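Q: First residue of the sequence shown? That's 234 in my numbering, and the numbers climb one at a time after it. Where is the CB? At the ideal position from N, CA and C, for every residue including glycine. Treat the numbers as computed from the prediction; the structure is a model and nothing was measured. If you scroll down you'll find the structure; I have some questions about it.
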Amino acid sequence: MRKQMKHVVVSILYADVVNYTMISTTLAPERMVELLNGLFGRFDEASEMPVADCQAWTGRTHNRYS
């Protein structure tokens, strides 16, 4: 049986890739995997930054509600 792990701080990221359907139907599967791997790798890097740096990294380049 696996030992349970306790996490004191947990973050959950919800991401919407703009034009995902169009991109995924035009790229080769290998290229799509590379693209998503790079994107989520950047999310991993940002999660290691202090909060103020993460806010600066994300910016407000896309806000469909404003």
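Measuring CB to CB, does L269 end up less than 9 Å from V250?
A: One-based indexing of the sequence shown puts residue 269 at position 36. One-based indexing of the sequence shown puts residue 250 at position 17. Against a cut-off of 9 Å, the Cβ pair of V250 and L269 comes out as a contact.
Q: I need the boundaries of the alpha helix (DSSP H) containing N252, first residue and last residue.
A: Within the sequence shown, the letter at position 19 stands for residue 252. It is not in any alpha helix (DSSP H) - N252 carries neither H nor E in the DSSP assignment.
Q: Can you tell which of L246, Q237, I256 has its C-alpha closest to the C-alpha of F273?
A: For the purposes of this step, residue 273 is identified with residue 40 of the sequence shown, where counting begins at 1. When each option's Cα is compared against that of F273, the closest is L246.
Q: Between which residues of its own chain and S280 is the CB-CB distance below 7 Å, once the five residues before and five after are set aside?
A: To locate residue 280, count along the sequence shown from 1; it is residue 47. Cβ neighbours of S280 beyond the five flanking positions: S244.
Q: Report the residue from M265, K239, R264, A248 whose alpha carbon sits nearest the alpha carbon of F276.
A: The residue you call residue 276 lines up with position 43 of the sequence shown. The candidate whose alpha carbon is nearest that of F276 is A248.
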